[in-house]
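Asks:
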Amino acid sequence: MKQFLWVYVDPQSSAYGKWTMASLLTAKALERKPAHSQVLRERVHAFIADHEDLPFNIYGTWNESLLDKGEDLTQEIHIHLQGIGKYVKAMDLVDFLNTPEMRKQSGLTKRIHLATAQRWMKKLEYRWMKDPKGQFVDGHERDDVVAYRQETFLPAWEAIKEKTRDWSCHKRDGDYPRPSLQEQKTVVW
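Here the numbering used here is used: the first residue of the sequence shown is 0, the next is one more, and so on.
See the structure below:
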């Protein structure tokens, strides 16, 4: 509409003061068919009659999530996922929403896609993480590990300690005692 009115009131325009020609040029500039010029003229007439009468752009209104529409559905999903336990996955949400009672409550006619479930879980603030599998993850205090450390590892370490260089004190390189030629130093990696 704005472009149409500019073409109509611009003195350098070939359609200056020519209502129909200005609408046709604007429709062509917008890469629309000539029939769109009639729509432009009707909208501008309506705007001139009432300055609050602007066309409503529906772009983006169909992208509203079911989670945004109803708090009840969100609450049901939270309760279900918390009932599963510590380890939940997006497929749990897909299966839950595929049940007949949830389909009826949510108004879904088809099964939701896995990617949708992943986006919803992120929106519900569920996060994915890997289970840590490092050396010191819950196991260094097991009875068998403690027994090995106390009865095998530490005594073996004490036996070779005299043959290793002690890096714990802050001495210069020349301050360390030199091993005798018969004694071989042990390097622990």
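The beta-carbon is built from N, C-alpha and C at its ideal position, and this holds for glycine as well.
Please work out which residues of its chain come closer than 6 Å, Cβ to Cβ, to residue 80, disregarding the five sequence neighbours upstream and downstream, and give them in chain order.
Replies: Answer for residue 80: 87, listed in chain order.
Asks: For residue 3, does the count of other Cβ atoms within 10 angstroms reach 16, so buried, or fall short, so exposed?
Replies: That one is buried.
Asks: Taking only the alpha-carbon atoms, compute the straight-line gap between residue 146 and residue 73 and give it to the nearest angstrom.
Replies: The straight-line gap from Cα to Cα measures roughly 50 Å.
Asks: Drop a sphere of 10 angstroms on the beta-carbon of residue 58, count the other beta-carbons inside from all chains shown, and report buried for 16 or more, exposed for fewer.
Replies: So residue 58 ends up on the exposed side.
Asks: What three-state label does DSSP hand residue 38 in the structure shown?
Replies: Helix, per DSSP.
Asks: Within 10 Å of its beta-carbon, does residue 26 have 16 or more other beta-carbons around it, so buried, or fewer, so exposed?
Replies: Classification for residue 26: buried.
Asks: So residue 152 is in the alpha helix (DSSP H); what residue range does that whole segment cover?
Replies: Taken as a continuous stretch (DSSP letters only), residue 152 belongs to no alpha helix (DSSP H), as it is neither H nor E.
Asks: Out of 61, 51, 17, which one is the CA nearest neighbour of residue 266?
Replies: The displayed coordinates of the chain run from 0 to 188. Any statement about residue 266 would go beyond what the structure contains.
Asks: From residue 189 to residue 24, what distance separates their C-alpha atoms?
Replies: For the chain, the structure presents residues 0 to 188; residue 189 sits outside this window and is missing.
Asks: Would residue 21 and residue 28 qualify as a contact pair, given that the criterion is a beta-carbon distance under 8 Å?
Replies: Contact: no.
Asks: From residue 65 to residue 128, what does the alpha carbon distance come to, in whole angstroms?
Replies: Roughly 26 Å separates the two Cα atoms.
Asks: Any beta-carbon of chain B closer than 8 Å to the one on residue 68?
Replies: Any reference to chain B falls outside this structure, which holds one protein chain only.
Asks: State the start and end residues of the unbroken alpha helix (DSSP H) segment that holds residue 163.
Replies: No alpha helix (DSSP H) contains residue 163, which DSSP labels as neither H nor E.
Asks: If you measure between the beta carbons of residue 114 and residue 92, is that distance less than 8 Å?
Replies: Result no, Cβ atoms of residue 114 and residue 92 do not sit closer than 8 Å.
Asks: Tell me the residue span of the alpha helix (DSSP H) that contains residue 75.
Replies: Looking at the DSSP string, the run of the alpha helix (DSSP H) that includes residue 75 is 70–83.
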